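Input: a single structure, listed below in structure tokens.
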Amino acid sequence: MADCLFCSIVAGDVPAQHVLDDPDAVGFLDARPLFKGHVLVVPREHRETLTDMPADALGGFFATVQRVTAAVERAMGSAGSFVALNNRVSQSVPHLHVHVVPRNRKDGLRGFFWPRTKYADDTEAADYADRIRTALVDGNTDRP
1 MADCLFCSIV
11 AGDVPAQHVL
21 DDPDAVGFLD
31 ARPLFKGHVL
41 VVPREHRETL
51 TDMPADALGG
61 FFATVQRVTA
71 AVERAMGSAG
81 SFVALNNRVS
91 QSVPHLHVHV
101 VPRNRKDGLR
111 GFFWPRTKYA
121 DDTEAADYAD
131 RIRTALVDGN
141 TDRP
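First residue of the sequence shown? That's 1 in full-length UniProt numbering, and the numbers climb one at a time after it.
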């Protein structure tokens with residue numbers, strides 16, 4: 001879809017810190033992360049919501065989300081993660097995307113008040129993306 005930001009990222013027309021590029025899904029750092037290492041996983045093909053995704057594609061897509069979740073936890077050395085998706089309401093980009101956010105106890109994330117942060121610069125963002133890519137390549141699903 002020409003006017004979709006995430007489709008433009010998938011196509012390589014808009015730069016992003018990619019951590020995963022699979023045939024069916026792409027993962028990249030959220031430009032305004034809840035915590036550094038916050039990844040968005042999107043289907044390569046434009047789907048606005050979860051209900052727009054073909055049932056036979058869900059298993060592969062969520063298997064990818066599972067891999068990214070393990071990699072984020074490992075790469076960030078976090079105690080756990082927050083995995084979420086919105087359908088229309090609070091969906092800032094109308095393209096299905098799953099948030100994978102590294103979490104630690106007493107990290108300040110409470111309820112639905114989610115303060116956003118920023119990477120210091122592109123170099124710092126690239127370092128976080130590299131750490132997650134490395135954890136994905138390692139393929140080890142063990143916890144950190």
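Glycine residues also receive a C-beta, built at the ideal position from the N, C-alpha and C atoms. Keep in mind it's a predicted model, so treat the numbers as computed, not measured.
Where aspartate 56 falls: helix, strand or coil (DSSP)
Here aspartate 56 sits in helix by DSSP.
Note the first and the last residue of the continuous alpha helix (DSSP H) segment covering phenylalanine 6.
Here the alpha helix (DSSP H) through phenylalanine 6 covers 5-11.
Per DSSP, the bridge partner or partners of aspartate 21:
In DSSP, aspartate 21 forms a bridge with Val26.
Can you round the beta-carbon distance between leucine 29 and valine 19 to whole angstroms, since I take them to be within the 8 Å contact cut?
Their Cβ separation, rounded to whole angstroms, is 7 Å, which keeps leucine 29 and valine 19 in contact under 8 Å.
Sufficient close CB pairs (3 or more, under 8 Å) joining the segment 103-112 to the segment 77-86
Yes: the two stretches touch, three or more of their Cβ pairs being nearer than 8 Å.
Counting only the same chain and skipping the five closest in sequence on each side, list residues whose C-beta sits under 8 Å from that of serine 92.
Answer for serine 92: no residue qualifies.
Selection from Gly27, Tyr119 and Arg116 that minimises the alpha carbon distance to leucine 96:
For the residues Gly27, Tyr119 and Arg116, the minimum Cα distance to leucine 96 belongs to Gly27.
Taking 6 Å as the limit between beta carbons, can you name the residues of its chain near valine 14, skipping five residues before and five after?
Excluding residues within five positions, the ones whose Cβ falls inside 6 Å are Ser8.
Per-residue burial, arginine 74 [other beta carbons within 10 Å of its own, 16 or more giving buried]:
Residue environment: arginine 74 is assigned as buried (16 or more neighbouring CB atoms within 10 Å of its CB, all protein chains considered).
Check alanine 120 in the structure and name its three-state DSSP category.
Here DSSP, grouped into helix, strand and coil, assigns alanine 120 to coil.
So who's on the other strand from serine 81, going by DSSP bridges?
Answer is Pro102, bridged to serine 81.
Going by DSSP, what residues sit across from leucine 109 in a beta bridge?
Looking at the DSSP assignment, leucine 109 forms no beta bridge with any residue, so it has no partner.
DSSP three-state call for valine 65: helix, strand or coil?
For valine 65, the secondary structure class from DSSP, reduced to helix, strand or coil, is helix.
Distance, threonine 69 Cα to valine 39 Cα:
One alpha carbon belongs to valine 39, the other to threonine 69, and they sit about 9 Å apart.
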